[in-house]
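Trainee: Chains as they are written, first to last, in the numbering used here: chain A, 73 to 292; chain B, 40 to 322.
We put the CB at the ideal spot given by N, CA and C, even for glycine.
Here's a structure for you.
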Amino acid sequence: MRHFVEDLELLKTKLLEMGALVESAIQRSISCVTQKDRGAAEQVFMNEAHINAIEIEIDDFAISLLALQQPMAADLRLIVAALKINTDLERMGDLAVNIAQRGVSLMEGPVVKPMIDIPHIAGLVQSMVRKALDAFVHRDADLARSVLSSDDAVDNMRTACYHELVSFMEQDPQHIQQALALLSITRNLERIADHSTNIAEDVLFLVKGVDVRHHAEVQL
Amino acid sequence: MMPAPTKQPSSEIKTAAPAAANAPEGEGKPTMESDAKLCATNLNFFYGSFQALHGISMQIYTNKVTAFIGPSGCGKSTFLRTLNRMYESVRGSRVEGTILLDGQSIFDVEVSGLRRRVGMVFQRSNPFPKSIFENVAYGLRINGMYEDRAGLRDSVERSLRRAALWDEVKDKLNQSAYGLSGGQQQRLCIARALAVDPEVLLLDEPCSALDPIATAKIEDLIFQLKSSCTIVIVTHNMQQAARVADNTGFFLLGRLIEFDSTTVIFKTPACKETEDYVTGRFG
Numbered sequence: 073m074r075h076f077v078e079d080l081e082l083l084k085t086k087l088l089e090m091g092a093l094v095e096s097a098i099q100r101s102i103s104c105v106t107q108k109d110r111g112a113a114e115q116v117f118m119n120e121a122h123i124n125a126i127e128i129e130i131d132d133f134a135i136s137l138l139a140l141q142q143p144m145a146a147d148l149r150l151i152v153a154a155l156k157i158n159t160d161l162e163r164m165g166d167l168a169v170n171i172a173q174r175g176v177s178l179m180e181g182p183v184v185k186p187m188i189d190i191p192h193i194a195g196l197v198q199s200m201v202r203k204a205l206d207a208f209v210h211r212d213a214d215l216a217r218s219v220l221s222s223d224d225a226v227d228n229m230r231t232a233c234y235h236e237l238v239s240f241m242e243q244d245p246q247h248i249q250q251a252l253a254l255l256s257i258t259r260n261l262e263r264i265a266d267h268s269t270n271i272a273e274d275v276l277f278l279v280k281g282v283d284v285r286h287h288a289e290v291q292l
Numbered sequence: 040m041m042p043a044p045t046k047q048p049s050s051e052i053k054t055a056a057p058a059a060a061n062a063p064e065g066e067g068k069p070t071m072e073s074d075a076k077l078c079a080t081n082l083n084f085f086y087g088s089f090q091a092l093h094g095i096s097m098q099i100y101t102n103k104v105t106a107f108i109g110p111s112g113c114g115k116s117t118f119l120r121t122l123n124r125m126y127e128s129v130r131g132s133r134v135e136g137t138i139l140l141d142g143q144s145i146f147d148v149e150v151s152g153l154r155r156r157v158g159m160v161f162q163r164s165n166p167f168p169k170s171i172f173e174n175v176a177y178g179l180r181i182n183g184m185y186e187d188r189a190g191l192r193d194s195v196e197r198s199l200r201r202a203a204l205w206d207e208v209k210d211k212l213n214q215s216a217y218g219l220s221g222g223q224q225q226r227l228c229i230a231r232a233l234a235v236d237p238e239v240l241l242l243d244e245p246c247s248a249l250d251p252i253a254t255a256k257i258e259d260l261i262f263q264l265k266s267s268c269t270i271v272i273v274t275h276n277m278q279q280a281a282r283v284a285d286n287t288g289f290f291l292l293g294r295l296i297e298f299d300s301t302t303v304i305f306k307t308p309a310c311k312e313t314e315d316y317v318t319g320r321f322g
């Protein structure tokens, strides 16, 4: 039994290592866009393979635990949640790569529009990622719920940004390329927020045993 | 009164105190749900001065498999043995409370009639020192449940088929039952119990002495039998309870700590004691 408990701790540690790498990738991809930091972009690209490798390692380990230990109750929920969180984190890493690629493309020309909304969205998204991972570490259902409530704010900011960029393109078609890159960045940030929401939902499943996906009407 | 097991998994972990699974001792009249076959209310059981069961209240549902789990000495087998008054052969034993079978108290009926309706299979297979045929025919003979020799043969064949043993023994029905393997002997005991068409089958750790293949056959059999029989099984093997049972009750120190659908018990149990037991933290 003690051996199994140690294995579960190892699974959590691996997942947190993955979470730290992904958080760092998101942070660097945002620096690439807002600070024109090409070096940060390079690090994001380099770390992607590492994130992918850890994803496979965690999946293998979790599946072995399911097969060999036949976990029940809280242990079962932890392993199932870890498998799902692992997938979400890997996708967040991919989205950080997308953002860094757009950031690099934006470096090729002069900035024609001051960047105000994207840093706001990025700040909120990073906060969601941090809270979702903290909620997992501390098994904090309240913190997980606060992530769910932040998702709408990100969606609203992204919609406002979209309308502004469409209007910008209509006024000056010469800058469509740049506006499309900015649209893609906001879209990728919003998707990172969605994955953070998924992680928060997995944490609620882990801690409370409830399924709140797809706005399920569940009394928390 | 204990809440009925949910037919669907509960949506959220409850925070019931362990005692909440049991009705208050000494009060409440038995109320049987329409789909329940057996209903125990405030059941206390004593071996002499030792109280082995404390205020157990539970509904056992018709054509469902109900499993009892818990550490050794928790009272699950004792409770199982109260359901057909098997404890009566134990000197100094005493029971308080009510158990209803189809709404009628099991204590108000003649015990052999009760055991015909509520059959039992034990941990260790215990075939009689007779032929395979006579083992199954025994209950039919002593109860006069056949019209002629052909009818007796038909009933024996039907029971052996229900116990998934017919194909393996049809050519050696007159050989000693002791020549069968452990798994076959256990299925023979199930066939013997089934011969008198019981409405409830009590299984007390039926697979504990069997290998995984024989265990899988008994589990398949349980799954098939539940369409015609209500099954109650005591098992130390939690994976077995998870595989075969619709509802599961967790016993500890003579109390029913939690009773719910098997999915809830093994995925999101309400009580910490249940959680600790099913995750192997104690027991």
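8 Å is my cut-off, CB to CB: does ALA272 of chain A come that close to chain B?
Mentor: In the first sequence, residue 272 of chain A corresponds to position 200, counting from 1. So, not an interface residue.
Trainee: Spell out a yes or no on whether the stretch 112-128 of chain A and the stretch 161-175 of chain A are touching, meaning 3 or more CB-CB pairs, one atom from each, closer than 8 Å.
Mentor: Contact holds: three or more Cβ-Cβ distances are below 8 Å.
Trainee: Any contact between the stretch 196-212 of chain B and the stretch 237-246 of chain B? By contact I mean 3 or more CB pairs, one from each, below 8 Å.
Mentor: Judged by Cβ distances under 8 Å, the stretch 196-212 of chain B makes no contact with the stretch 237-246 of chain B, as fewer than three pairs qualify.
Trainee: How is TYR86 of chain B classed by DSSP in three states: helix, strand or coil?
Mentor: For the purposes of this step, residue 86 of chain B is taken as residue 47 along the second sequence, with counting starting at 1. Reduced to three states, the DSSP call for TYR86 of chain B is strand.
Trainee: How about ASN83 of chain B and GLU135 of chain B: are their beta carbons less than 8 Å apart?
Mentor: Start at 1 with the first residue of the second sequence, and residue 83 of chain B comes out as number 44. Start at 1 with the first residue of the second sequence, and residue 135 of chain B comes out as number 96. Closer than 8 Å, so yes.
Trainee: How big is the Cα-Cα spacing for VAL129 of chain B and PHE89 of chain B?
Mentor: Here residue 129 of chain B is taken as the residue at index 90 of the second sequence, counted from 1. Here residue 89 of chain B is taken as the residue at index 50 of the second sequence, counted from 1. Between VAL129 of chain B and PHE89 of chain B, the C-alpha separation is close to 13 Å.
Trainee: By Cβ distance, which residues of its chain are closer than 8 Å to TYR234 of chain A, with the 5 residues on each side in sequence left out?
Mentor: On the first sequence, position 162 is the one that residue 234 of chain A refers to. The answer, listed in chain order, is LEU255, THR258.
Trainee: Mapping the DSSP letters down to three states, classify CYS246 of chain B as helix, strand or coil.
Mentor: Walking along the second sequence from the start, residue 246 of chain B turns up at place 207. If DSSP states are grouped into helix, strand and coil, CYS246 of chain B belongs with coil.
Trainee: Less than 8 Å between C-beta atoms, sequence neighbours within five positions excluded: which residues of the same chain meet that for ASP206 of chain A?
Mentor: Here residue 206 of chain A refers to the residue found at position 134 of the first sequence. So the qualifying residues of the chain are ASP212, LEU215.
Trainee: Using a cut-off of 8 Å between C-beta atoms, extract the partners of ALA146 of chain A located in chain B.
Mentor: Taking the first residue of the first sequence as position 1, residue 146 of chain A is located at position 74. In chain order: GLU314, THR318.
Trainee: Note down, in chain order, every chain A residue with its Cβ under 7 Å from the Cβ of PHE305 of chain B.
Mentor: Residue numbering aside, residue 305 of chain B sits at position 266 when the second sequence is read from its first letter. What PHE305 of chain B touches in chain A: MET144, ALA145.
Trainee: Helix, strand or coil for THR258 of chain A? Go by DSSP, reduced to three states.
Mentor: For the purposes of this step, residue 258 of chain A is taken as the residue at position 186 of the first sequence. If DSSP states are grouped into helix, strand and coil, THR258 of chain A belongs with the helices.
Trainee: Among B:PHE289, B:THR301, B:ALA202, which residue has its Cα nearest to the Cα of LYS311 of chain B?
Mentor: Translated into the one-based positions of the second sequence, residue 311 of chain B becomes position 272. The shortest Cα separation from LYS311 of chain B among B:PHE289, B:THR301, B:ALA202 belongs to B:PHE289.
Trainee: Closest Cβ-Cβ distance between PRO251 of chain B and chain A: below 8 Å?
Mentor: Taking the second sequence and counting its residues from 1, the one referred to as residue 251 of chain B is at position 212. No, PRO251 of chain B lies away from the interface with chain A (no Cβ there is under 8 Å from its Cβ).
Trainee: Could you give the first and the last residue of the continuous beta strand (DSSP E) run that contains PHE298 of chain B?
Mentor: By one-based count along the second sequence, residue 298 of chain B stands at place 259. Per DSSP, PHE298 of chain B belongs to the beta strand (DSSP E) from 294-300.
Trainee: On a CA-only basis, which of A:ALA265, A:ILE190, A:GLN250 is nearest VAL219 of chain A? Give me that one, please.
Mentor: Sequence index remark: in the first sequence, residue 219 of chain A carries index 147 (1-based). Answer by Cα proximity: A:ALA265.
Trainee: Which of helix, strand or coil does DSSP assign to ILE188 of chain A?
Mentor: For the purposes of this step, residue 188 of chain A is taken as residue 116 along the first sequence, with counting starting at 1. Coil at ILE188 of chain A, not helix or strand.
Trainee: Grab the span of the alpha helix (DSSP H) containing LEU140 of chain A for me, first residue to last.
Mentor: On the first sequence, residue 140 of chain A is found 68 positions in, with the first residue counted as 1. From DSSP, the alpha helix (DSSP H) with LEU140 of chain A extends over 110-141.
Trainee: Suppose the cutoff is 6 Å on Cβ atoms and the five residues either side in sequence are ignored; what does the same chain contact list for LEU36 of chain B look like?
Mentor: What is shown of chain B runs 40 to 322, which leaves residue 36 of chain B out entirely.
Trainee: Does any residue of chain A have a CB that is nearer than 8 Å to the CB of GLN324 of chain B?
Mentor: The requested residue 324 of chain B is not part of the displayed model; chain B covers only 40 to 322.
Trainee: Hey, ASN270 of chain A and ILE171 of chain A are a contact pair by Cβ (cut 8 Å); roughly how many whole angstroms apart?
Mentor: As a first step, residue 270 of chain A must be located in the first sequence, where it is residue number 198. As a first step, residue 171 of chain A must be located in the first sequence, where it is residue number 99. That pair is no contact at about 18 Å.
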